[in-house]
Amino acid sequence: VPLESLIGPAVVLDITEKTRDDRDYRLAPDDVLAWEAEHGRIPEGSIVLLRTGWDRFWPDARTYLGTAERGEVAAENLHFPSYGVEAAR
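Quick look at the structure:
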């Protein structure tokens with residue numbers, strides 16, 4: 001991966017409040033629209049970073065990931081906030 005493709009303008013969307021009661025929360029299009037209403041349109045080519053507040057659980061892997069399992073069996077039991085498919089588009 002060329003270094004140039006990893007460098008660019010960035011914005012941080014904070015969904016910490018929404019993840020407090022929903023460990024599986026996914027960034028929604030409404031979250032993006034709300035951010036843009038307050039800060040302006042996200043520039044084309046920007047890197048969109050997500051602040052989930054989940055850092056407070058590190059390094060407790062069980063709480064951070066939602067499971068103590070490892071390997072393939074763990075995949076279906078992982079629970080943590082992330083980007084939603086629709087918002088990522």
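Okay, so the sequence shown: first residue is 1 according to my numbering, each after it adds one. All residues carry an ideal CB built from backbone N, CA and C; glycine is no exception. Keep in mind that this is a model prediction, so the values were computed, not measured.
Buried/exposed call for residue i, threshold 16 Cβ in 10 Å
i: Trp-35; result: buried
i: Leu-27; result: buried
i: Leu-78; result: exposed
C-beta atoms of residue i and residue j nearer than 8 Å
i: Glu-46; j: Gly-84; result: Per the sequence presented here, residue 46 reads as Ser, with Glu not at that position. Result no, Cβ atoms of Ser-46 and Gly-84 do not sit closer than 8 Å.
i: Leu-49; j: Ala-10; result: yes
i: Thr-67; j: Thr-16; result: no
i: Glu-86; j: Pro-2; result: no
i: Asp-24; j: Leu-13; result: no
i: Trp-58; j: Pro-81; result: no
Residue i - partner residues in DSSP beta bridges
i: Ser-82; result: Arg-26
i: Glu-12; result: In the sequence as presented, Glu is not what sits at residue 12; that position holds Val. Bridge partners of Val-12: Leu-49.
Practice task
May I have a chain-ordered list of the alpha helix (DSSP H) segments no shorter than 4 residues that lie completely inside the region 20 to 67?
Solution key: 29 to 39, 61 to 65
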